[in-house]
Amino acid sequence: MSQPADLSDSWPRWCKRIDRCLEGLIPGATVSPSLLHEAMRYSSIGAGKRYRAALVYAAGHALCVSEEFLDRPACAVELIHAFSLVHDDLPAMDDDDLRRGKPSCHKAFDEATAILAGDALQALAFEILSEPDWNCLSPTVRLNLLSTLAGASGSSGLAGGQVLDLNLTSQDPALETLAAMHRCKTGALIEAAVLMGGLCATDDSATLTCLKNYAQPLGLAFQVIDDVLDGTVDTETLGKPAGADQERGQPTFLSILGEAPARQYAEELRDQAIDALGGLEQNAALLVGLAQFTITRSH
Ligand code: GRG
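Numbering (this note's numbering), first residue to last: 1 to 299.
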């Protein structure tokens, strides 16, 4: 198995690629309807860890795909992620005023604009993968990317996971019930990101199964640590309100397990993810590095 790659060169470079690409893909704030475009740019450019984009690039790298082919798939995943954050912060959902260290979209603009900016970010994600002028990848590959991203966004992915999450407020679920919700709400997009990187190279089912077996425990590990950080790190470091889960009466891996066992659980999930990469013949060091980051991150 590969040693974890040092991500200190690649990751900042990927962040810059994503910002540059989104700058070109989202209409400027001077283009009508300017408020909508401003809100879309506000919510998606220049912030966020770009963890999901990094997964697209790292999975593609493991299968020798050049970064220019991965830019749009990585942007599409980040656009869906940005959309989910904008809608997640709305008063009808988590009602959070702070996101990525600045006012949430509905606070910086207004609720209607935030709803519509989210909708438009989602549409743009699918538009940039299906645009006829973008001919880096074959129509079949593009269709596979679209279907993977759509599947992760819908009723068995983010949207469904959010419904399950809202239903768990003030409940005392079993660990497996919580994990099942997060496999949809957080895990589905993380899995899609990894698979989309892979799909840019191959439709070989054994390779894609390896990637899926890497991504599924990884997505859960990401959420376990998200819960731990929410309850143990300050608002400034997080860039979103600390302790929000507890305040909302949201069951979390931290509330069910406690910090040390939750971290231990995340480590086991990381190990499962890394073990799954054994089936990949190529260079998986960046994916190993991202698995390690997932459980050691501080925000
Ligand atoms: C997007 C189809 C669709 C529907 C919306 C609101 C909603 C339904 C779903 C909520 C999904 C959600 C917000 C999940 C939380 C995932 C999560 C742990 C987010 C934090 O991700 P980070 O830490 O954030 O990568 P940054 O800001 O670094 O990008």
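Glycine included, each C-beta is placed from N, C-alpha and C at the ideal position.
query: So who's on the other strand from P33, going by DSSP bridges?; result: DSSP, once it has assigned bridges, lists no residue as partnering P33.
query: Within a Cβ cutoff of 7 Å, which residues of the same chain sit near H81, ignoring the five residues on either side of it in sequence?; result: R52, L189
query: Among M40, A242, C15, R17, whose alpha-carbon lies nearest the alpha-carbon of P27?; result: M40
query: Within the present structure, is the beta-carbon of T252 separated from the nearest heavy atom of ligand 1 by less than 7 Å?; result: no
query: Could you tell me the distance, in whole angstroms, from the CA atom of S170 to the CA atom of T140?; result: 45 Å
query: So is K16 buried or exposed if we call it buried at 16+ other beta carbons inside 10 Å?; result: exposed
query: Taking the alpha-carbon of G301 as reference, which of L257, A201, W11, I274 has the nearest alpha-carbon?; result: Residue numbering for the chain in the displayed model covers 1 to 299; residue 301 lies beyond these limits and cannot be assessed.
query: Within this structure, are the beta carbons of L129 and A192 separated by less than 8 Å?; result: no
query: Jot down the residue ranges of each uninterrupted beta strand (DSSP E) in the segment 218 to 267, minimum 3 residues, whole runs only, in chain order.; result: none
query: Is it the case that the segment 196 to 207 contacts the segment 56 to 64, given that we only count it when at least three CB pairs across the two stretches are under 8 Å?; result: yes
query: For L277, which residues of its own chain have a beta-carbon under 7 Å away from its beta-carbon, when the five flanking residues on both sides are left out?; result: M1, C210, Y214, A284, L287, V288
query: On the DSSP letters alone, give me the boundaries of the alpha helix (DSSP H) that R52 sits inside.; result: 51 to 62
query: Could you give the DSSP three-state label for P103: helix, strand or coil?; result: strand
query: Can you tell me which residues form a DSSP beta bridge with L98?; result: P103
query: Quick one: any contact between the segment 151 to 167 and the segment 100 to 111, if contact means 3 or more CB pairs under 8 Å?; result: no
query: Under the assumption that L303 contacts A262 (Cβ atoms under 8 Å), give the Cβ distance between them as a whole number of angstroms.; result: Lying before the first or after the last residue shown, residue 303 is absent from the chain, which here runs from 1 to 299.
query: Hey, F69 and C21: beta-carbon distance below 8 Å or not?; result: no
query: Buried or exposed: where does E38 fall if 16 or more other Cβ atoms within 10 Å of its Cβ makes it buried?; result: buried
query: In its own chain, which residues sit with a C-beta less than 8 Å from the C-beta of V228, not counting the 5 before and 5 after it?; result: F253, L254, E259, A262, R263, A266
query: Buried or exposed: where does T294 fall if 16 or more other Cβ atoms within 10 Å of its Cβ makes it buried?; result: buried
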